[in-house]
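Residue numbers (this note's numbering), protein chains in the order written: chain A, 182 to 344; chain B, 305 to 1135; chain C, 20 to 90.
Glycine included, C-beta positions come from ideal geometry on N, C-alpha and C.
Since we're looking at a predicted model, the values are computed, not measured.
Remarks on the structure that follows.
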Amino acid sequence: MRYIVIVVFLMVSYTPVKAIEINEQAVSCPATVGVEKIPLNLQQYKGKVVYLDFWATWCPPCKKSMPFLNTLRNELQGQGFEIIAINVDEKSGEASDFLKKYPVDYLTAMDPKGVCPQLYDVMAMPSAYFIGRKGKIRYIHLGFKERDEAEIRQRVLELLAEQ
Amino acid sequence: MAVTKGTKKGNSTLLALTSVALALPGLDVKAAVPIAEPEVNIQYGYYNEEGDRMEAEVFHGDFIVPVNDFLEFTFSYDWDTYVGATPSFSTPEVMTDVVAAASGTDSKPYDIAFNLFLEPTVRAERLAASGNPFEKIVAGYEAVTKRSIPNDKPVQIYNNQPRENRDMPIFGANFYVGDVAVGLSSGVSIEPDFESTFGSVNLSWDLNNKLTTLSAGYGLTLNEIVREGQSAGGHHGGGGDEDVEDFEAESTFHAMNLGLSQVLSKNTLFHLNGSYTNQEGYLSNPYKFVYVRGEITAEEYLDVLLNGEDNPIGFSEATDLDVVGPDLFREVRPGERHQWTVSAGINQHISSLDASLHFDYRYYMDSWDIKSHTFELAWYQNLPWGLTVTPNIRYYSQSSADFFAPYFLAPRTDGNYSSDYRLSGYGKLSGGVNFTKQFTKGMRLNAGFEYFSHQGSLKLGGGGLDDYADIDSYLVSASLQVNLSSLGRATGGEHSNHQNNAHHGAHPPAGVMFGHTLGQAGDLMVGYNYMYSDNSSGMQAGTSDNLSDQVIMNEACGSETCKYKPSEMIMHMHMFNFMYAPTDWLNLMVMPQIVDMNMAMNPVPAVDGEDGGEHSSSALGDTLMAALFKLYDSNQHSIHLGIGVSAPTGSIDATFDDTELDTSELQSYGMQVGSGTWDLKPSLTYTGNKDELFWGVQATGIKRMQSRNKLGYVLGDEIEGSFWAGYKVLNWLSFSVRNTYKAQGKIRGEYNRVIPPADPVEPIEYTPLETTSNYGGQFWDIGLGVNFTVPRGDFSGHNLSVEWMQPVIHDYNGYQLEQDGTLAVRWGYAF
Amino acid sequence: MNNLLKYGVIFYILISCSACSVAPWERGNLARRDMSITPNPARSSLRSHVFDSKEASAGGAGAVGGGCGCN
């Protein structure tokens, strides 16, 4: 009896994780853009610094970060900075309704099935993946608080400075 | 109609709804997720038991303000008011007539044995009148008690409480560090006779990627029960006819709880909770009595009767209990109580129905032998347009305390006794429904109703006392929750929402009602208005002030001579304002209010060291509903018409003894919080602005739509005109000056309920306040105001106005207390 | 003691099992107001106040958790 318990215990607590790690190449994932459902292609952003942001309408810190991110992106876009938001609401309609009321200028892709966050092994909401000019994941930032703004800006500037 | 001296107040009693100590308000475990945005909540609750027999109103307001990512502050204030009858003790049905007669002038044998409760002279008279030799008295007593075999049906004897209030402020702070949250809170609860101070600390810890949360809390409560020796006395201060002895007691509670919540699936949340509370000290209710036969024997009664001298309380050798009447004692509960609870609940979301189900169960047991089960089920059904409807059902069953009985036919060995129905065995079934409307702009409205049926026969497993205090009651609640920062409405993008505050120039002065309209369809505004006045400058007739006492005595009370005059009247009014614009040209508003008035009297002519006492009335006032129609609206000028209706939700039966019973004397017309009638309040307003200047004109009035209210009178109609002008000094600061004229009619009709004085020998004491021609007049006032606005940023949309209205020329009808000016403060938040 | 250990292990399995685990991005439904433990805190405390005043029992509420699990 005891052995069965231990075996079951080991089986269920070991989770094979195909986690994305720092310095790995950022992969494309099946999020779609717009009504036409064009698949997201991260390759076209090579050479730019990309902030990949996972968010949802039910996540208050996510919504709180958006004005700051929008301002940051518009400010540094000229230097090659781009933000791509991946929305994980199960009902994408809720996300598009939200964006109609509170629009942002950067690209938002929808992933209602949650495949992208799984590929990227998202550990918290929101999660931000800083992708460098060569397409490698350089930093992962979990959550969002007002005091993170300076740090985020700092990291983006560092990555922009690289060639 | 006139004032009578020393109207006796009923024993002020700890009303059921006031046992804050049991509610442990300080113990409030906080979530481990900070609130992120400032929020304010207000709630109104109305509880009614057994068809108006007892009523309570609860007004609650609270706000949460985050300071930064780690810290937020909370503050809440509760103001309760309660009035009505609660059970004081119960006796076997067959004994009631005997006990009731014991205080009368019958000389039944039972009665004679209790003569010691009357004054010595009366006692001697009655002893002489009874004509029974002493042995016969004892035999008579025994015969009566042995002959009266009680049937099983106990009968509750009620005690009327005058209206009383409770205040409860609570402060708190929450700290968030990583996955741990720490909450601290502390507060007091103050009501006549009972004060409680409490504090608590709560911890919560998120584990397992926030799928599991552990929580723990500890709370300390210190209670003090104090009853002043003198009864509050009548309208004119001084002693009442009855002196009650001093009483002071304390108790301390320690409460601990542990909780666990676990996410079981995307749609399921489970939670488990356990608590232990230790109560120590005076845990009885000094106003609840028990009927115990045999605690004092016939011989002991006789002994005290013969040898007790003038002190009626001579039973200390016969019993440890406090004697309050014939075989009637103050209840005694143990000095210690240990309470345990275990509860579990599950929240399940059902996607296909867009609904969620909550099921909760709690098991309770304590060292007084009470065990209870609570089952609760609620179904949250989401509907279009942001509506949620939530029906719920609750079943509660408890067993009785081991020292509980409706009455005791023999004394208990442990000396503990209670007949409080709340410690009896019974079941309680309730059903209710709650409606929620979420406005997209961060505002949420709730309204709920719940009906409770408390019955002995509903006890789980039977054995509850059938019919013992079977009570039906209901609870009505309404609340509003507002997200206070502009982040509540705009969380992204470069386009911010329409700037409501910049619209139409500056706001009208604080004393102007119906002066402001909202800019666009979908706009919302919430606000709080406060008005304060303190009139204490003596009486005035027409335009002549500084009237002498002689004049007042002879002329202010019609054909009678005045005995008292008002010396000071303090009024506080709290109004809550909700405005919504369903279209660009229409605004709808609702304004409930709480009115609090206090009046002090002085005798005429003045007598050194003597005053006429004070009386007060504070309760929910009349509720105003209005529609504002924009007739013309441009950037420079606008005109709007208002149709307002005042609903008579405010009481008009405040009595001097605060019991609000039909048999008590009513306070004066001016002290009633409501008008008692449906009133029409039309208004026409013009506002204009140019650069930094702004101005406005308004005509408004009150037309009473009924000829008499239920008490036989109606307040005068009113008409008011005002014009104002102001200057915007900075983009956030402006000043205004206003001129107003108001004409107010006198009262028509008069109170149809006249309570003659208790003692016909005492002369009726008249005051100017009972003469209906002493109301109304014509009033010219000047208003000086200042206005602060937040034009930009996180807190844009907030506005604060303050105005002082100074009387210039007042022409009073008849004789009235001179008005000294009014302070008006208005805070509004438009979004 | 052995019983306690057994329950402790089962508890640990339950809370850490990946099969029944909910990913951070799957918490949309848990974040709903009607899925929180007290969706209407003011009404809950008013009702508690009425119950605690009119009934002999007290306490038993006070769990926190669930929700969006955001950082």
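Counting only beta-carbon separations shorter than 9 Å, does residue i have a partner in chain B?
i                 : result
Met304 of chain A : yes
Glu332 of chain A : no
Lys282 of chain A : yes
May I ask you to report which of helix, strand or coil DSSP gives residue i?
i                  : result
Met975 of chain B  : helix
Ile600 of chain B  : coil
Asp497 of chain B  : coil
Gln1123 of chain B : coil
Cys866 of chain B  : strand
Phe818 of chain B  : coil
Leu223 of chain A  : helix
Asp329 of chain A  : helix
Tyr836 of chain B  : strand
Tyr755 of chain B  : strand
Thr717 of chain B  : coil
Asn372 of chain B  : coil
Ala75 of chain C   : coil
Pro907 of chain B  : strand
Glu343 of chain B  : strand
Ala82 of chain C   : coil
Ala360 of chain B  : strand
Gly324 of chain A  : coil
Glu546 of chain B  : Confidence at Glu546 of chain B is low in this model, with a pLDDT of 39, below 50, so the placement of that residue is unreliable and no value is reported for it.
Lys294 of chain A  : coil
Ala520 of chain B  : strand
At least one CB of chain C closer than 9 Å to the CB of residue i: is that the case?
i                 : result
His364 of chain B : yes
Asn738 of chain B : yes
His269 of chain B : Nothing about residue 269 of chain B can be reported from this structure: the residues present for chain B run from 305 to 1135 only.
Glu754 of chain B : yes
Phe646 of chain B : Reading the sequence as shown, one finds Val at residue 646 of chain B and not Phe. Chain C contact via Cβ: present.
Leu250 of chain A : no
Leu515 of chain B : yes
Gly295 of chain A : yes
Ile529 of chain B : no
Arg726 of chain B : yes
Pro298 of chain A : yes
His758 of chain B : yes
For a test of your reading of the model: does the CB of residue i fall under 8 Å from any non-hydrogen atom of the ligand COA? Yes or no.
i                : result
Asn22 of chain C : As far as ligands go, the structure on display features none, and thus does not contain the ligand COA.
Whose Cβ in chain F lies nearer than 8 Å to the Cβ of residue i?
i                 : result
Asp373 of chain B : Among the protein chains in the structure shown, which are A, B and C, there is no chain F.
Here's the rule I'm using: 16 or more other beta-carbon atoms within 10 Å means buried, otherwise exposed. How should residue i be labelled?
i                  : result
Gly537 of chain B  : Note on Gly537 of chain B: pLDDT 32, under 50, position unreliable in the model; no value is reported.
Gly815 of chain B  : buried
Leu420 of chain B  : Confidence at Leu420 of chain B is low in this model, with a pLDDT of 45, below 50, so the placement of that residue should be treated as unreliable; the coordinate-derived value is given next. Leu420 of chain B should be labelled buried.
Lys337 of chain A  : Before going further, note that residue 337 of chain A is Val rather than Lys in the sequence given. Flag for Val337 of chain A reads buried.
Met883 of chain B  : buried
Gly330 of chain B  : With a pLDDT of only 45 at Gly330 of chain B, under the threshold of 50, the placement of this residue in the model should not be trusted; the figure read from the coordinates follows. Buried.
Phe1099 of chain B : exposed
Leu1121 of chain B : buried
Ser852 of chain B  : exposed
Lys867 of chain B  : buried
If we define contact as Cβ-Cβ less than 9 Å, is residue i a contact residue for chain A?
i                 : result
Thr390 of chain B : no
Asn22 of chain C  : no
Pro58 of chain C  : no
Gly47 of chain C  : yes
Gly84 of chain C  : no
Glu343 of chain B : no
Thr385 of chain B : no
Thr692 of chain B : no
Using a beta-carbon distance cut-off of less than 8 Å, what residues from the stretch 553 to 579 of chain B approach chain C? Ala559, Asn561, Gly563, Leu564, Ser565, Gln566, Val567, Leu568, Ser569, Lys570, Asn571, Leu573, His575, Leu576, Asn577 and Ser579
Please list the residues of the stretch 221 to 244 of chain A that have a C-beta atom closer than 9 Å to any C-beta atom in chain C, keeping them in chain order. Phe235, Ala237, Thr238, Trp239, Cys240, Pro241, Pro242 and Cys243
What are the residues of the stretch 60 to 82 of chain C that lie near chain B, defined by any Cβ-Cβ distance shorter than 9 Å? Pro60, Ala61, Arg62, Ser64, Leu65, Arg66, Ser67, His68, Val69, Phe70, Asp71, Ser72, Lys73, Glu74, Ala75, Ser76, Ala77, Gly78, Gly79, Ala80, Gly81 and Ala82
Mind checking the stretch 259 to 274 of chain A against chain C and listing, in chain order, the residues whose C-beta falls within less than 8 Å of any C-beta there? Val269, Asp270 and Glu271
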